[in-house]
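The number in the working numbering is simply the position in the first sequence, starting from 1, with 1 added.
Idealized CB from N, CA, C, for every residue including glycine.
Following: one structure in structure tokens, then a few remarks.
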Amino acid sequence: MAKELTPRSENYSQWYNELVVKADLAEQSAVRGCMVIKPYGYAIWEKMQSILDAEFKKTGVQNAYFPLFIPKSFFSREAEHVAGFAKECAVVTHHRLMNDPDGKGVVVDPEAKLEEELIVRPTSETIIWSVYKNWIKSWRDLPILCNQWCNVVRWEMRTRPFLRTAEFLWQEGHTAHATAQEAEAKANEMVKVYADFARNTLALPVIVGHKSPNERFAGALDTLTIEAMMQDGKALQAGTSHFLGQNFAKSFDVQYADNEGKLQYVWATSWGVSTRLMGALIMAHSDDNGLVLPPKLAPIQVVLVPIYKTEEEFNAVALKLNAIKSELEAKGISVKLDDRDTVRPGFKFAEWEMKGVPVRIALGARDLEAGTVEVARRDTLTKETMPIDGVCDHIESLLGEIQDNIYKKAFDFRAANIRKCDSWEEFKTEIQKGGFLLCHWDGTAETEQAIKDETKATIRCIPVDTCVCEEEGKDIYSGKPSHGRVVFAISY
RNA sequence: CGGGAUGUGGCGCAGUUGGUUAGCGCACCACGUUAGGGACGUGGGGGUCGUCUGUUCGAGUCAGAUCAUCCCGACCA
2 MAKELTPRSE NYSQWYNELV VKADLAEQSA VRGCMVIKPY GYAIWEKMQS ILDAEFKKTG
62 VQNAYFPLFI PKSFFSREAE HVAGFAKECA VVTHHRLMND PDGKGVVVDP EAKLEEELIV
122 RPTSETIIWS VYKNWIKSWR DLPILCNQWC NVVRWEMRTR PFLRTAEFLW QEGHTAHATA
182 QEAEAKANEM VKVYADFARN TLALPVIVGH KSPNERFAGA LDTLTIEAMM QDGKALQAGT
242 SHFLGQNFAK SFDVQYADNE GKLQYVWATS WGVSTRLMGA LIMAHSDDNG LVLPPKLAPI
302 QVVLVPIYKT EEEFNAVALK LNAIKSELEA KGISVKLDDR DTVRPGFKFA EWEMKGVPVR
362 IALGARDLEA GTVEVARRDT LTKETMPIDG VCDHIESLLG EIQDNIYKKA FDFRAANIRK
422 CDSWEEFKTE IQKGGFLLCH WDGTAETEQA IKDETKATIR CIPVDTCVCE EEGKDIYSGK
482 PSHGRVVFAI SY
């Protein structure tokens with residue numbers, strides 16, 4: 002059948018690419034590396050947005066919107082920042098088209114060349130700090146805590162659906178503070194928000210940690226990350242929070258008068274998560290039957306499938322199912338009654354499984370007589386027939402159970418694929434098997450680079466809340482002294 | 001930008017040493033039978049074979065050019 006997936010174990014990439022399309026999440030667009038997010042996929046993203054947005058607001062953050070275009074001169078003010086992004090920017094050079102004088106179609110009007118080129122934002126630090134300069138005069142203006150939900154463009158050489166696309170949706174928070182301590186605390190607070198969201202909502206066990214200087218955001222003094230493990234053992238950076246120090250304040254000359262009247266540069270953070278979380282969700286939980294969505298994120302939590310032969314049978318079954326639907330909805334559960342008569346039940350079962358709906362209820366004439374329903378759960382692919390009375394209460398708790406079980410499954414998988422490694426020879430073969438290796442590192446960029454060149458493995462993070470191993474040891478590569486283990490992995 | 005591959009109805013493919021009307025599966029349309037794990041039967045619609053040039057009596061098939069896409073690298077959330 003057209004809907005069948007390549008098995009995960011056979012070709013992980015192909016399985017992933019097919020799943021994105023077959024679960025109706027997204028498809029490729031006419032422009033290479035860009036993606037159409039379809040309604041079902043977007044509904045999941047919207048759910049992520051609304052939950053995260055509420056969390057941000059609890060920390061005092063407000064939403065705002067800054068322009069898509071950044072004048073080239075703004076962009077080039079912070080040296081490290083430019084160096085980090087210059088190679089992947091879309092640039093607007095003209096503002097008008099004209100009819101091709103030599104024939105059909107249109108060409109760029111050479112008369113309409115812009116005096117200063119505009120960069121399509123790859124991230125908004127520069128434009129935002131050029132604006133913050135006008136907002137900040139006094140210590141009384143601080144802190145400023147803004148977030149924006151928007152799209153950004155990074156012209157990547159190679160793209161993959163959700164994980165790396167030329168254009169993607171994200172949120173970027175940008176805060177300005179009077180002191181370094183306050184800014185660092187904010188960066189920590191936000192990475193905690195991300196970690197809680199990943200664990201509680203996405204059912205994704207993540208490791209929180211610091212990036213090594215090599216892997217740090219361009220222009221940051223410190224980058225905090227949440228790192229997740231995918232089912233092929235590769236690491237995925239799922240969100241980052243940066244302590245930017247005074248780099249951007251100095252580049253954009255943003256100073257405030259403190260309570261003694263002295264001018265001080267402002268301290269900054271920025272933090273973001275993107276539609277890459279969709280990729281993380283897919284790769285962490287899905288199986289050969291398709292998507293597996295944690296109930297807290299599923300746009301449809303329960304699907305009802307009627308089974309019938311005649312119209313009378315359908316009416317009787319639908320009556321019962323509608324009653325169940327109302328009762329579930331009264332509990333705040335989102336329900337879909339699949340009453341299409343154009344496809345058969347078996348087709349519906351397979352289709353909703355592909356789309357990852359956590360719970361399916363099937364009800365037919367047989368059940369009506371016996372007073373039962375069939376309840377199937379997506380995470381375990383098991384089903385049981387139970388009395389129709391009390392089924393809604395059962396499903397309410399079942400959704401919680403499924404949420405926990407999906408997290409547990411991912412947690413156990415990760416636990417089984419994290420191991421310590423103390424020998425360089427062992428490292429070289431072990432790292433290729435996938436998973437995270439906890440190893441001693443001497444703290445130098447040279448060692449990290451050498452390891453990357455030889456094995457493609459990078460330091461995913463220096464963990465702060467999971468697998469923390471502060472202990473004396475020797476660097477796995479250089480043999481120099483080390484004060485703790487860090488997480489090495491091959492990453493997306 | 002380096003290495004590899006592929007372009008044939010919406011999708012996935014076949015198409016022999018060049019040979020006449022370009023074929024198959026899925027999807028689609030109609031009718032009927034079906035319906036508790038991706039239904040079946042019968043009938044039907046839809047493609048000039050990525051593009052250009054060449055070789056030839058004759059090109060989906062051979063040659064050259066060109067464009068596009070995909071995979072592996074470099075780069076990256």
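Per-residue burial, residue i [other beta carbons within 10 Å of its own, 16 or more giving buried]
i: Asp-254; result: exposed
i: Val-318; result: buried
i: Asp-390; result: exposed
i: Asn-148; result: buried
i: Arg-461; result: buried
i: Thr-383; result: exposed
i: Ala-3; result: Legend: pLDDT at Ala-3 = 49, less than 50; position of this residue unreliable, no value from coordinates given.
i: Val-303; result: buried
i: Tyr-257; result: buried
i: Arg-33; result: exposed
i: Lys-356; result: buried
i: Leu-320; result: exposed
i: Leu-264; result: exposed
i: Glu-354; result: buried
i: Pro-300; result: buried
i: Lys-326; result: buried
i: Arg-141; result: exposed
i: Pro-296; result: buried
Beta carbon of residue i nearer than 8 Å to that of residue j
i: Lys-73; j: Ile-120; result: yes
i: Val-376; j: Asp-368; result: no
i: Tyr-493; j: Lys-235; result: yes
i: Glu-118; j: Thr-94; result: yes
i: Met-158; j: Gly-174; result: no
i: Ala-281; j: Ala-229; result: yes
i: Trp-272; j: Ser-252; result: no
i: Lys-349; j: Asp-340; result: no
i: Val-37; j: Val-209; result: no
i: Thr-448; j: Ser-398; result: no
i: Leu-439; j: Arg-420; result: yes
i: Ile-491; j: Ile-432; result: yes
i: Ile-227; j: Ala-199; result: yes
Supposed contact pair residue j and residue i - C-beta distance, whole angstroms, cut 8 Å
i: Thr-160; j: Ala-167; result: 6 Å
i: Phe-249; j: Glu-81; result: That belief does not hold up - the Cβ atoms of Phe-249 and Glu-81 are roughly 11 Å apart, past 8 Å.
i: Asp-288; j: Arg-486; result: Actually they do not touch by this definition, with Cβ atoms about 32 Å apart.
i: Ile-396; j: Val-360; result: 6 Å
i: Phe-437; j: Asn-406; result: Incorrect: roughly 22 Å between the Cβ atoms, too far for contact.
i: Val-274; j: Trp-171; result: 6 Å
i: Val-107; j: Leu-98; result: 5 Å
i: Pro-307; j: Leu-322; result: 6 Å
i: Cys-393; j: Lys-332; result: 7 Å
Three-state secondary structure assigned by DSSP to residue i
i: Leu-320; result: helix
i: Pro-111; result: helix
i: Pro-346; result: helix
i: Gly-85; result: helix
i: His-175; result: strand
i: Pro-123; result: coil
i: Thr-94; result: strand
i: Phe-218; result: coil
i: Met-387; result: strand
i: Trp-150; result: strand
i: Ile-407; result: helix
i: Cys-470; result: coil
i: Glu-1; result: Lying outside 2 to 493, the shown extent of the chain, residue 1 is not represented and no answer is given.
i: Gly-280; result: helix
i: Ala-253; result: This sequence places Phe at residue 253; Ala is not what is there. The answer is coil: DSSP assigns Phe-253 none of H, G, I, E or B.
i: Leu-448; result: The identity of residue 448 in the sequence shown is Thr, whereas the question assumes Leu. Three-state result, Thr-448: helix.
i: Ser-492; result: strand
i: Arg-159; result: coil
i: Met-2; result: Since pLDDT at Met-2 reaches only 39, below the 50 mark, its modelled position is unreliable, and the value read off the structure follows with that caveat. In this structure, Met-2 counts as coil in the three-state DSSP scheme.
i: Lys-73; result: helix
i: Gly-291; result: strand
i: Leu-399; result: helix
i: Lys-39; result: coil
i: Asp-394; result: helix
i: Tyr-195; result: helix
i: Glu-168; result: strand
i: Arg-33; result: coil
*Per the contact definition of three or more C-beta pairs closer than 8 Å, is the region 187-207 in contact with the region 57-70?*
yes
*Mind the definition here: the region 290-304 touches the region 18-28 only if three or more C-beta pairs lie below 8 Å; say whether that holds.*
yes
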